[in-house]
Amino acid sequence: MKPSVITRAGAPLIALLVPVSPSVLADLQSLDDSAMAGISGQSGITMELDLAATANSISYFDDGSGIHLDGFRIGAASDPNGRAHQIYKIDILDDASLNLDFVVQDRRIEFTDVRLDDNPAASMGGVFFDHDLDGNLRLSPGGSLSSSGYTYDVSYQMTNGRLGYRTNGNEVFLDGITMDVNAPGMTLDVDGSTLVLASPSVTGSFSVDAIRYSNNPLNHGVSSDVTSGALLPSYGSLSGDFDLSSETWIAAGGRFGDEGIRVDGSTTINSANFIYSDDGNSIALLGMTGVNTVDNLRLDVALDWQGRQSLALTVDSISGNLDIQQVQLGGNGGNLGQINLDYLFADQTINGQAYTNAVYLQGGGNADAGSQGLRLAAQWSLANANVAYTEDGNRVIFSGLQSWGQGDLTVDVTRNEVLNGTQFYDGLRIGFEGVKGGYRINGLKVGDDDAPLQGGTELLLALGVFPSYDFEIDGQITLGAGGASGEGLTINSDIQITNGRAALVAAPYDEGNGEVSQKGLWATELNYDTHVREMTVDVTDDGLAIIKGEAWGTMDIGNLRVGDKVEGNSFGRFVVQNYEKGSSMTIRPGGADNVCVGGSGTDASSCAASGGLWEMRGEEGVTVSLKQVFARAISDTKRNAFIWETNRSQGAGGPENGTGTQLVLNDIHTSDGEDLDGDGIEDNTFGIQTDLSVDIYHTKVVKKEDGADANGVVGNRGDEKIMDTSTAAGYRYVAAPTDTEKADRPLGFAVQAHSRFKELSVNNIDLVHPTGGAATAIYGVKMQNMDIRANLTATPIQ
Amino acid sequence: MSKYPFNRLGYMAGLILLAAQVSPAQAELNLLNDQALSGISGQGGIYLSGDISINEDGGPIQNTYFGSCSDTTKRCGARLAYQLKEGGGWMVLDDIRGKFSFEGLTLRVRKIDSGFGGDGALFNRDVLEIGLPNFVRYDSVTFKLATSSTARPTDPGFQQTDIFSVEMQGDVVLEGNLLVFPTGNP
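Sequences listed follow chains P and G, in order. Under the working numbering, the first residue of the first sequence carries the number 9, and numbering increases by one thereafter. Under the working numbering, the first residue of the second sequence carries the number 1038, and numbering increases by one thereafter.
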């Protein structure tokens, strides 16, 4: 049996798309001869109509299970009771092709709910799509495979577009969409029982004036609030262009039962550019090319792994690559560098558990947010990926990235209110419920894909990324519209990570002879509870500015293990608590530029004269400016503290926290040391300010011992390591390298850091005995007037 | 020979530190050369070089006590004060300045199950290895040890007695590896 589509009102779906309803016909006006005189192509048929069509429900059934689009409507975008104006002109051309010119004005296509049979009270929410269209479709006989197919030439311009998602009276939508598309030579053929759709060239451009948010239930698809008249807040705007080609194969048959849909496809990005703008300042991904292949994507109405009915999207594999020639950041157009990635999503087994790639869409969203919302029961399995970052021609590849997991993600558009005891915030809320997963990186390669695998993934710690991480996540992140000023993002989040295992130092999990136990320094039995309030994210002239309103959290590392992440011996328990108010971070394109390492001087000669090494690190790279304002403690959870606990009692599940001896650094805080605003409280605005400029650069690496090294390459102590692809190991040692050889020094991360603070204090340092209680060892520590500068280079060990 | 041969070196707060040329245990240890390491799995890790300077041009505070390094009437270094007795005086490291540079500090996790004159096979454990740079250069590293009546030099009633000053200049040889691993009850 084929999948069937019916409307609950009893009308065929085609009735909604083609103007045949009586109400529409009644409004048609015949064109008299004088009116016809202004229309070209009078040999064909012109249809002009005002369309308003509704259906209570459109249903799709798959093996007896149904999914229903309720509240379906086509009509005017500007008037919920109005009609969309449409003009179609049809001609048969000399070559027997059918030419259709179409003009659509003020049309909205929408549905208010998507429901599944087993839980009709829960809705996935509603979607609306507004648009004006002016375009042309030419249909010719003969496809790419046989004369029984068809060829389509399509071009159109869409203006005044809106695409929105609505739950429980709140909306997020793309506003003011303009899109030009030209797709000549598309073909449609039937190959056996498979539809083959080929698009040899799809070119076009698009822009979105704003991504808006509304928390007023009276608003629906409007740019300004109907109550106040004010323009709705915006996350920013989008623009871009594309040149694609693709082939898609569509066949009947799902993964579950007899019915369903199968899709295979391949898309090539010949070129594309994507720009996100915030008040005119942009993040631009320029010069994109790539290929994406989808193998055996199935669409079913089926049960997920917990037996919940869903719209199931399951796939055998997704693979491809993406190259981004420039990543520009900020209004000044600085370039971060180049990114290349390749990926393979496919089934894999991790720690004895099989993972696949599937998304099961269900209604309801967060249980407390209301009846509308989206729940995605997801499984993911990234079997392999390589991410390369190149700046100023120097390339580092993070190789062998794997990720896996499963759990529920919820998507709701929420407003600032408490519902059923849960605090919600204005914005698009993404919830995590029982998401259990992980990732790991095998190692680094420098230069090209064929370079030997090296260590060094711990360099990612500087960016706050663990080289390997197993986690269970619950919580939410809400993305609100509007930044510190104008467009941008405001983020409120509460995230709880439990049973985590995070690597601080990690060796490869596969050195070429199959998977091995990954050795490292591990934070295990990790529970991390973190909260952020009113954090704004804006693109500025300089780069990306992130300002934290209030942030607090507790990272409780049950065991810090060395060696294996499960069985490695433990240094004990470490707890790090943070409480910050007014902290900020700015990410800017451009690294350290020219640097004198190990000496001082403003040019190469003066640097060399001081015994330093002059390095010209180029214009690309990234600089991160941090300001961390550690606030004074106001509670046991909102404080900055560090605890090291050992000698814990052994329970059934291992050492029991809180039963051992503790070293406690309590109430760590920054201060300006004076009260300039006269409020009777010492100011705390300076914090710890740190600038980190990161480049990929050739680094001097010297041999530390005479003789052969780990790879059998012979050299003397003090010799420099010089990369040389003509040698078996890929490098050799040189006593006194020439300038040419110095250009082949190993690549690594070069970090220029500048950190300073006015005051950093520890209120007290206690030693806590499980029975004797706390004894204060130091009654206060105060550091003042610190300014530290560092030039560090970090290269992976080969 | 004990079950864990490194016990000879003694325990220090749960960590055992082996530094081949700065430890009195030098005679008992055999350095693993680069080639010997080739038989050890987990070759990951990083190699660090660079320099670190403290208050080279002064710090961020400008007041009656702290100021620019060109102002001889003020101190431009960093200051660390700590109080060992509640309500008591403060121990102070004051006017901390200087620059350190080094080449070849390495960090990695490795398993020791061989070498060390046969002790490695008995040890058979994973360690965090900090490979010391052969040289650390000290450039005008200075500080003063002092006692003070208050935490801040700008607090009311501030009095300070500078006990002695330290200045370090030149190269320090730091060879071998620092091995850090857990022991005892976590």
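A virtual CB, placed ideally from N, CA and C, is assigned to each residue, including glycine.
Check the Cβ-Cβ distances between R1116(G) and every residue of chain P, and say whether any is below 7 Å.
It does; some Cβ of chain P falls within 7 Å.
Return the CA-CA distance between A834(P) and T1110(G), expressed in angstroms with no decimal places.
For residue 834(P) there is no data in the structure shown, the boundaries of chain P being 9 and 806.
Let me see if you follow: with CB-CB separation under 7 Å, is D795(P) close to chain G or not?
Yes, its Cβ sits closer than 7 Å to a Cβ of chain G.
Check whether D376(P) and T430(P) have beta carbons under 7 Å apart:
Yes, the pair counts as a contact, with Cβ atoms nearer than the cut-off.
Can you give the Cα-Cα distance for V721(P) and N450(P), rounded to whole angstroms?
Across the structure, V721(P) and N450(P) are spaced so that their CA atoms are roughly 24 Å apart.
Under 7 Å between the Cβ atoms of T669(P) and S657(P)?
A distance of 7 Å or more separates the beta carbons of T669(P) and S657(P).
At a Cβ threshold of 7 Å, is L1215(G) touching chain P?
No, L1215(G) does not count as interfacial toward chain P.
Which value, in whole angstroms, describes the spacing of the CA atoms of P1219(G) and I1149(G)?
Going from the Cα of P1219(G) to the Cα of I1149(G) covers about 14 Å.
Nearest by alpha-carbon distance to E533(P): which of G488(P), N343(P), R581(P) is it?
Answer by Cα proximity: R581(P).
Distance, Cα to Cα, G1224(G) vs R764(P)?
The structure shown does not extend to residue 1224(G), since chain G is modelled only from 1038 through 1223, so no value can be given for it.
Would you identify the three-state DSSP class for A612(P), choosing helix, strand or coil?
Residue state for A612(P) is assigned as helix, using DSSP reduced to three classes.
Find the residues of chain G that neighbour S578(P), judging by a C-beta separation of less than 8 Å, and give them in chain order.
Ordered by position in chain G, the residues that pass the 8 Å Cβ test against S578(P) are P1219, P1223.
Under the DSSP definition of a beta bridge, which residues are partnered with W257(P)?
Answer is V204(P), D272(P).
Answer yes or no: does any C-beta atom of chain P fall closer than 7 Å to that of V1146(G)?
V1146(G) counts as touching chain P.
Once DSSP output is grouped into helix, strand and coil, what is the label at A1034(G)?
The question about residue 1034(G) has no answer, for chain G in this structure spans 1038 to 1223.
Residue nearest to N792(P) in terms of C-alpha spacing, selected from E682(P), V367(P), R509(P), K444(P)
A small fix is needed here, since residue 792(P) is Gln in this sequence, not Asn. It is E682(P) whose Cα lies nearest to the Cα of Q792(P).
7 Å is my cut-off, CB to CB: does I1089(G) come that close to chain P?
For I1089(G), the answer is yes, since a Cβ of chain P falls inside 7 Å of its Cβ.
Report yes if the C-beta of G237(P) is less than 6 Å from at least one heavy atom of the ligand HEM; otherwise report no.
Among the ligands in the structure shown, none appear at all, so the ligand HEM cannot be discussed.
Identify whether K556(P) lies in helix, strand or coil by the three-state DSSP scheme.
Three-state result, K556(P): coil.
Three-state secondary structure assigned by DSSP to E56(P):
When secondary structure is reduced to three states using DSSP, E56(P) falls in the strand class.
Can you list, in chain order, the residues of its chain with a C-beta nearer than 7 Å to that of L77(P)? Leave out the 5 residues immediately preceding and following it.
Around L77(P): S65, I66, F119, V122.
Assuming W560(P) and Y587(P) form a contact by the criterion Cβ under 8 Å, report the distance between their Cβ atoms to the nearest whole angstrom.
Right, the Cβ-Cβ distance comes to about 4 Å (below 8 Å), so this counts as a contact.
Neighbour list for F1103(G) in chain P, Cβ cutoff strictly below 8 Å
Ordered by position in chain P, the residues that pass the 8 Å Cβ test against F1103(G) are Q792, N793.
At least one CB of chain P closer than 7 Å to the CB of F1043(G): is that the case?
Low confidence applies here, because F1043(G) scores a pLDDT of 35, under 50, leaving its location unreliable and the question unanswered by this model.
In whole angstroms, what is the alpha-carbon distance linking L468(P) and F474(P)?
Their Cα atoms are separated by approximately 6 Å.
Tell me, to the nearest whole angstrom, how far the beta carbon of G557(P) is from that of M543(P); I am working on the premise that it is less than 8 Å.
Correct: roughly 6 Å between the Cβ atoms.
Grouping DSSP H, G and I as helix and E and B as strand, with all else coil, what is A617(P)?
Shown here, A617(P) sits in a helix according to DSSP, grouped into three states.
Would you mind giving the Cβ-Cβ distance between N300(P) and T275(P), rounded to the nearest angstrom? I have them listed as a contact below 8 Å.
About 5 Å separates the two Cβ atoms, so the contact holds.
Range of the contiguous beta strand (DSSP E) that encloses K1111(G):
If you look at K1111(G), you'll find it isn't in any beta strand (DSSP E); DSSP assigns it neither H nor E.
Taking the alpha helix (DSSP H) that E749(P) falls in, what are its first and last residues?
For E749(P), the enclosing alpha helix (DSSP H) has its first and last residue at 747–750.
Might you give, ordered along the chain, the residues of its own chain that have their beta carbon closer than 6 Å to the beta carbon of G808(P), omitting 5 neighbours on each side?
Any question about residue 808(P) goes unanswered here, given that chain P covers just 9 to 806.
Cβ shell of N107(P) (< 6 Å), same chain only, five flanking positions each side left out:
Cβ neighbours of N107(P) beyond the five flanking positions: D99, L101, R146.
What residue range does the beta strand (DSSP E) around Q387(P) cover?
382–399 is the extent of the beta strand (DSSP E) around Q387(P).
Taking only runs of the alpha helix (DSSP H) that begin and end inside the region 322–361 of chain P, which ones reach a length of at least 4 residues, in chain order?
Scanning the region 322–361 of chain P for uninterrupted alpha helix (DSSP H) segments of 4 residues or longer gives nothing; none is fully contained.
Taking 6 Å as the limit between beta carbons, can you name the residues of its chain near R797(P), skipping five residues before and five after?
Cβ neighbours of R797(P) beyond the five flanking positions: H762.
Spatially closest choice to Q585(P) from G150(P), T538(P), I554(P), by CA coordinates:
With distances taken between Cα atoms, Q585(P) lies closest to T538(P).
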